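**Student:** Here our numbering runs 39 ahead of the position in the sequence shown, where the first position is 1. Where a beta carbon is used, it is the ideal one built from N, C-alpha and C, also for glycine. These figures come from a predicted structure and were not determined experimentally.
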Amino acid sequence: MEVKRLKMEDKYKPLTESTYYVMTAFLYEKHGYAIKMFLEDKTHGRISLGPGTLYGIINKLNEKNYLTPIEDDENDKRNSYELTDEGKEVLKNEYERIKEIYTFGERFIDKKL
Numbered sequence: 040m041e042v043k044r045l046k047m048e049d050k051y052k053p054l055t056e057s058t059y060y061v062m063t064a065f066l067y068e069k070h071g072y073a074i075k076m077f078l079e080d081k082t083h084g085r086i087s088l089g090p091g092t093l094y095g096i097i098n099k100l101n102e103k104n105y106l107t108p109i110e111d112d113e114n115d116k117r118n119s120y121e122l123t124d125e126g127k128e129v130l131k132n133e134y135e136r137i138k139e140i141y142t143f144g145e146r147f148i149d150k151k152l
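#1: Can you give me the C-alpha to C-alpha distance between Lys81 and Ser87, rounded to a whole angstrom?
#2: For Tyr51, does the three-state DSSP call read helix, strand or coil?
#3: If you draw a straight line from the alpha carbon of Ala73 to that of Tyr141, how long is it in whole angstroms?
#4: Once you ignore the five residues that flank Ile96 on each side, which residues in its own chain have a CB closer than 7 Å to its CB?
#5: Helix, strand or coil for Leu93 per DSSP?
#6: Pick helix, strand or coil for Thr107, following the three-state DSSP scheme.
#7: Residues bridged to His70 by DSSP?
#8: If you follow the alpha helix (DSSP H) that Glu128 is in, where does it begin and where does it stop?
#9: Is the distance from the Cβ of Asn104 to the Cβ of Glu128 below 9 Å?
#10: For Glu125, decide whether its Cβ has a neighbour in chain C, counting only Cβ atoms nearer than 9 Å.
#11: Return the CA-CA distance between Glu133 and Thr55, expressed in angstroms with no decimal places.
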């Protein structure tokens with residue numbers, strides 16, 4: 040008997056750690072270099088993405104329509120983006136998933152370690 044695997048909608052699939060951080064940074068910044076600097080600052084250097092990794096993530100997010108290009112008068116030489124409504128939904132779903140993992144750990148792991 041063949042078992043059918045259900046394909047999970049992209050908006051409910053777990054994000055990579057780097058993608059999660061980049062999407063979160065897009066709530067505050069609009070272009071790649073500012074994203075890089077924001078993440079390095081807010082994570083005290085723990086997250087330091089090279090250009091290939093960062094722009095690869097940005098391109099994938101753009102392809103999935105989680106980002107949309109925007110006009111940015113302050114940075115007319117840079118490609119600027121913002122999260123789409125779908126991108127915000129994906130980020131919120133991931134945030135809720137991570138909170139659930141954290142809560143589980145607090146309830147069961149803390150007691151045993």
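**Tutor:** Here's the rundown:
#1: 11 Å
#2: helix
#3: 29 Å
#4: Ser57, Thr58, Val61
#5: helix
#6: strand
#7: Ser119
#8: 124 to 143
#9: no
#10: The question asks about chain C, but that chain is absent: this structure has only one protein chain.
#11: 10 Å
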